[in-house]
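Residue numbers (this note's numbering), protein chains in the order written: chain A, 1 to 313; chain B, 314 to 982; chain C, 983 to 1158.
Ideal Cβ placement from N, Cα and C applies to all residues, glycine included.
Contents: one structure, followed by commentary.
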Amino acid sequence: MLRIAVTIVQWLVAVVGAPLLVGVIRKVKARLQGRRGAGVWQPYANLRKLLVKEVVISENTSWVFRLTPYVVIGTMLLAACIVPVLTTAGALQMLDNIILLMYVFLLGTFFLALAGLDAGSSFGGMGSSREMAIAALAEPTIMIAIFAIALRAGSTGLNEMIRRSVTDPLLLLNPGHLLAFFSLFIVAIAETGRLPVDNPATHLELTMIHEAMILEYSGRYLALIEWASAIKLFLFLTLLGNVFFPWGIAVTLQPSAIAIGIVTLPIKMGVLAVSLAVLETGLAKLRLFRVPELLSGSFMLALLAVVSFFFLR
Amino acid sequence: MLRCFTASLIFFAGGACGALVFARDDSLCRKVTHGLALGGTVLILIVGVAGLQGQPLDLLLPGILPAGGGLALGLDRLSAFFLLIIAVGAIPSTFYAIGYTRHYKGKQSGLGFMLNIFIPAMMLVAMSRNVLTFLVFWEAMSLTSYFLVMTDSDQAETCGAGWLYLVMTHGGLACLVVGFLAMSQAAGSFTMSDWVHAGAGPDARVRNLAFVTMAAGFLSKAGAIPFHIWLPRAHPAAPSHVSAMMSGVMIKLGIYGLIRIGFGWLGQGPGWWGVLILAVGAVSALLGVLYALIDSDLKRLLAYSSVENIGIILLGVGAGLLFRSYGLGALAALALVAALYHCLNHAAFKGLLFLGAGSVLHATGTRNMEAMGGLLRRMPQTGAYFLVGSLAITAMPPFNGFISEWLTFQSLLLSFRVQAQFFNLVFALCIAALALTAGLSAACFVRAFGIAFLALPRGEAVESAHESHWTMLTSMGFLAAACLTLGIAPALVLRPLSSTVNDFIGERPDLAFNWSGIAASNGFAAIDPFWVAMILSLLMLAVWIGLHAMRANFGRRYYETWGCGRAVQTAAFEYTAAAFANPFRRVFAFLYRSVEETEIEAHPESRFFVKTITYRHQSRTIIEDSVYAPIGAVVRRLAAKARTVQSGNVHSYLLYILLALLTLLLFAR
Amino acid sequence: MKLLFRKILTSPVVTEPGAPPPDPGVELLGSAIHDEVRKRFGRSLHIREVDPGSCNGCELEIGGLNGPYYDLERFGLQFVASPRHADCLLVTGPVTRNMADPLKRTYDATPDPKIVIAVGDCAKDCGIFAGGYGVVGPVSAVIPVDVVVSGCPPSPRSILAAILRALQARSPEPAH
């Protein structure tokens, strides 16, 4: 019973807390730019407002366009069931696999890219094409980084990965661990459409990637997609925080352990959010055709992580 | 069992005879031949299922083919599994053909005749137990498929494709003959299962030679790189139901042969066998999907994607070979299960996609994606099935491609148990190649479905497109259902498959499963695809209900696509297939080596008013440039030399005959 | 990068505290904005800027809103890239003949409920361009306008005041 309750709570934390994370990142960025910026709850206000707006749909679209927001949010809500947020002892152990998680993300991207093409606008097509290019090129890094972690943990289950490393005191001295972290961090930036790969605040259609695909969406559909991308960002950061810095996450269902988990999660997320904001303030967007170089760099890091495991074992 | 098998052959024989008897009446011929072929294929399914449950079938007819020790047929679980694959591919294809071939006027007889030999030939290849039987049916399969490819022989493109296919398939056959003869000679038996007995077999040199030549032969049938060049030509040229069977089923028999030699007939080999197959697999998967990604011929795209999927299967087979040579039998079995599962899945989704492409071709008269668009509105059912096929082939949960790709990933990830750093790195690179392949194939099928089926029509052909005949829709629906079923109930396949693999290599796969969940290697990885599907659909439903509960505005207004306020919105504004692929073309420019040409025709009054812009690009494939072009040049040069011998002069021909006789007498002495 | 962060760390937050007072140059066509709209938008308003013929004077002032001094983001306002995402059209300049149709299309492409704010004298009554051969008329001649901001150009403060008036968030003080 407790297990189910904790599982539901951690799912809700991810799903409901995601817009807050976006709000915090925007706030920190505004401060770094010398502005006051919007409040951290602003994303919730935006979502609430979008729900009351009507939907304007292009006449050229098919049912794929109308189905996509539901698929996208469905995949992200499913992904939120997979990622251990507060505890590794959740009830949904049958979904606990990191490769499944990556494919669930890819399913969302797949549909979003289709929707980008559906309206027949050149912007949407451009966005889909670029998004798929980046998603495809990020895939090898993800898998090799997963391989590096799985080598150490002896499992591709997320819970097991975290459980194995939570007691390891020499974690941060392990070169493979750090290399894998940095490669996955770069991939997380690319996958969630942050600077320097994509600018989430851009208004120039020609520089857009993720935004270009959703230019046609409005009202409740837009709300679902915005919410989904907030969840995706949240989950990627949680994944980085919990897999690579597992301290504090509850390995058992004891109330004290869960309490520690609830306390440490915001700290970890806060650190990652602030570093993301600092990074975004300090970096300019890369030219589109420099992104593959960034991704191949991250791939090399991941490969080095694997190599270091085999040569140091 | 035997009765079923015989009945199936009788059905096919009836179909073939029917094709000749009713040659005059197209409509009757179409229904009779395809109907009987369908009946025969259903019986193959029954034989296959019975075989998977362990009912053996052994048949030796010494009277036929006495030179090779008689006609020997047998059915073990592995053969039965491939019969299942044949049935899954061929049942919908033959049913589809009833509607699809309506417009093949005057070609019904040939088409039906060849089809009724092609399908049983595939079945008999999988059941052959001695060398001559195997080669005879292998050749029958190749020749009939050649004639099926040549159905539209009035087109130059088709003739070129057929010729290339014939050359490649006979090159492969030559390799096979060399390997088979070398082994038969060394082992002293024409029965393959006698070649290696409990460690005592021909020495390693012969086995290595046989492995390399036979692998080359089988890989050329499977369409793996570098032997792939016939696929992207032959598949588009063939009628679509034939493409579906060739791509979904026939090329799998190359894999069947490879598995037989790698794990059975040639005994246990050294590690480099596995590395060789892994390398071929990784290269095929990557290059296959990269070429698919930039091609704008829908059927050629699918053909390249077959090369990719063969690569994925080969990764499983190669991993299995390598694990086995390191004594990790359970892992080898796991990798083999992944490969075989992917074979079955590929038959389902590639069959579905080729049938879908056939319906599009039928409705629009074109295979060029740049002329399509907006088909989902005109062909809603075909479009939905094509989307299912695209999702399945890109391994999206909860469809079947995901299960087999997940298993392949897991078996590659488990490679860390191999205690050899070099091989560990090989595996790491294979994982990367497979991951990149997965990402690129997602891009490829977003492009295929998005450009062909979504947005506005790009050409007039699409405007008049219509939904397909009901037989065609039913066939596609069957395959789409198969893609979903095999995706959410993997135990259906895994249960017979693990006993198949256990029978075949004597090791149980390192895999546990119940009716919906799978767990690989004792806690290394576990998923439950049924629950993935359930939770995903429940969450989507919950979101929809939640929106209603929150009193969201459900108003909907249709308006034009946002184009920054411009006055007209035509298909010319859409992203084209070439434009979609452009980022990839630039990133992988070293591979494509594409040549771009842009011509701008200005208005005569002012160069600032553009009348037309023509953009052309052509990509060349490295393999063709660096391997086949030189070979072709050498052959051509030799042929030119040989022409001097063919002088047309009767006297010189008489001289040749005399010389030949003298030589013969000298040798026969 | 080092220089950048040193600069960031040494600069104070320059945003003015509090809300700007209502500007006398703002005319609220009160009845046009339903209370309903105000209530529903709450503290979130996404703006699409449309320029159907402005001299770009107003754009410069609007650009000022994005800067750290006025920082319109703190009120929950945000410029967006597509009218599909917008709740508010900020229209500047007289409507020229070529831009009348795009302006109408932009209006139609924006989902309801929505508000239109005409910024500047030209948008209000064509200003000095009135009667020009290329001018269709003020914004209100093409699409229904809810709020008008006068001035040539209006100051960022009055534009901000106009938007806030149009919004009139549920909480009386828009700053946090």
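Min CB distance residue i to chain C below 7 Å
{"i": "Y872 of chain B", "result": "yes"}
{"i": "H210 of chain A", "result": "no"}
{"i": "R152 of chain A", "result": "no"}
{"i": "G412 of chain B", "result": "no"}
{"i": "V271 of chain A", "result": "no"}
{"i": "S218 of chain A", "result": "yes"}
{"i": "E54 of chain A", "result": "yes"}
{"i": "L215 of chain A", "result": "yes"}
{"i": "K29 of chain A", "result": "no"}
CB contact check: residue i to chain B, cutoff 7 Å
{"i": "D198 of chain A", "result": "no"}
{"i": "A1112 of chain C", "result": "no"}
{"i": "T1078 of chain C", "result": "no"}
{"i": "T1088 of chain C", "result": "yes"}
{"i": "E139 of chain A", "result": "yes"}
{"i": "M132 of chain A", "result": "yes"}
Strand pairing of residue i, partner residues [DSSP]
{"i": "Y928 of chain B", "result": "B:T911"}
{"i": "Q368 of chain B", "result": "BP columns for Q368 of chain B are empty, so no partner."}
{"i": "Y871 of chain B", "result": "A:I57"}
{"i": "D610 of chain B", "result": "B:N681"}
Under 7 Å between C-beta atoms of residue i and residue j
{"i": "M427 of chain B", "j": "T457 of chain B", "result": "yes"}
{"i": "P1093 of chain C", "j": "K53 of chain A", "result": "yes"}
{"i": "A768 of chain B", "j": "G878 of chain B", "result": "no"}
{"i": "I209 of chain A", "j": "G90 of chain A", "result": "no"}
{"i": "V1129 of chain C", "j": "A1148 of chain C", "result": "yes"}
{"i": "A136 of chain A", "j": "L101 of chain A", "result": "no"}
{"i": "A499 of chain B", "j": "P515 of chain B", "result": "yes"}
{"i": "Y478 of chain B", "j": "A547 of chain B", "result": "yes"}
{"i": "M76 of chain A", "j": "K268 of chain A", "result": "no"}
Member of the options whose CA lies at the smallest distance from the CA of residue i
{"i": "A314 of chain A", "options": "A:L279, A:Q254, A:A153, A:T75", "result": "With chain A covering only 1 through 313, there is no way to say anything about residue 314 of chain A."}
{"i": "T911 of chain B", "options": "B:Q931, B:F921, B:L767, B:P896", "result": "B:Q931"}
{"i": "F1057 of chain C", "options": "A:I231, A:V263, A:N46, A:I134", "result": "A:N46"}
{"i": "A263 of chain A", "options": "A:Q10, A:R3, A:L2", "result": "In the sequence as displayed, the identity of residue 263 of chain A is Val instead of Ala. If we check each option's Cα against that of V263 of chain A, A:Q10 comes out closest."}
{"i": "F311 of chain A", "options": "A:L151, A:A135, A:T75, A:V22", "result": "A:L151"}
{"i": "F394 of chain B", "options": "B:V947, B:L810, B:F903", "result": "B:L810"}
{"i": "R1139 of chain C", "options": "C:A1068, C:P994, C:L1047, C:D1128", "result": "C:L1047"}
{"i": "G297 of chain A", "options": "A:P266, A:V306, A:L265, A:F182", "result": "A:F182"}
{"i": "T925 of chain B", "options": "B:S619, B:G353, B:F837, B:A885", "result": "B:A885"}
{"i": "I1097 of chain C", "options": "C:V1073, C:I1110, C:I1044", "result": "C:V1073"}
{"i": "N1080 of chain C", "options": "C:V1118, C:A1144, C:A1091", "result": "C:V1118"}
{"i": "I1029 of chain C", "options": "C:M983, C:G1133, C:P1095", "result": "C:P1095"}
{"i": "V588 of chain B", "options": "B:F524, B:G800, B:L396", "result": "B:F524"}
{"i": "V1062 of chain C", "options": "A:S256, A:A257, A:L237, A:A212", "result": "A:A212"}
{"i": "A1068 of chain C", "options": "C:P1050, C:I1099, C:E1041", "result": "C:I1099"}
Test: residue i CB closer than 7 Å to a CB of chain D
{"i": "R898 of chain B", "result": "The question asks about chain D, but that chain is absent: this structure's protein chains are A, B and C."}
Residue-level contact to chain A via CB, residue i, 7 Å cutoff
{"i": "D1053 of chain C", "result": "yes"}
{"i": "G1012 of chain C", "result": "Residue placement at G1012 of chain C is flagged as unreliable, the pLDDT there being 43, under the threshold of 50; the coordinate-derived value follows with that caveat. Taking Cβ atoms only, chain A never reaches closer than 7 Å to G1012 of chain C, which makes this a no."}
{"i": "I1097 of chain C", "result": "no"}
Between the stretch 342 to 349 of chain B and the stretch 409 to 423 of chain B, are three or more C-beta pairs nearer than 8 Å?
yes
Do the stretch 112 to 126 of chain A and the stretch 84 to 98 of chain A make contact, defined as three or more Cβ pairs closer than 8 Å?
no
Indicate whether the contact test is met: 3 or more Cβ pairs, each with one atom in the stretch 763 to 782 of chain B and one in the stretch 662 to 681 of chain B, closer than 8 Å.
yes
Okay, do the stretch 272 to 285 of chain A and the stretch 214 to 230 of chain A touch, 3+ Cβ pairs below 8 Å being the bar?
no
On the three-pair Cβ rule with 8 Å, is the stretch 638 to 652 of chain B touching the stretch 379 to 389 of chain B?
Contact fails: fewer than three Cβ-Cβ distances are below 8 Å.
Contact the stretch 195 to 204 of chain A vs the stretch 145 to 161 of chain A: 3+ CB pairs below 8 Å
no
Should the stretch 139 to 149 of chain A be regarded as contacting the stretch 169 to 181 of chain A, the criterion being three or more beta carbon pairs within less than 8 Å?
yes
Decide if the stretch 693 to 704 of chain B is in contact with the stretch 436 to 448 of chain B; the criterion is three or more beta carbon pairs, one per stretch, under 8 Å apart.
no
Quick test of the definition: if touching needs 3 or more C-beta pairs under 8 Å, does the stretch 488 to 508 of chain B touch the stretch 535 to 552 of chain B?
no
Do three or more CB pairs link the stretch 717 to 732 of chain B to the stretch 59 to 78 of chain A at distances below 8 Å?
no
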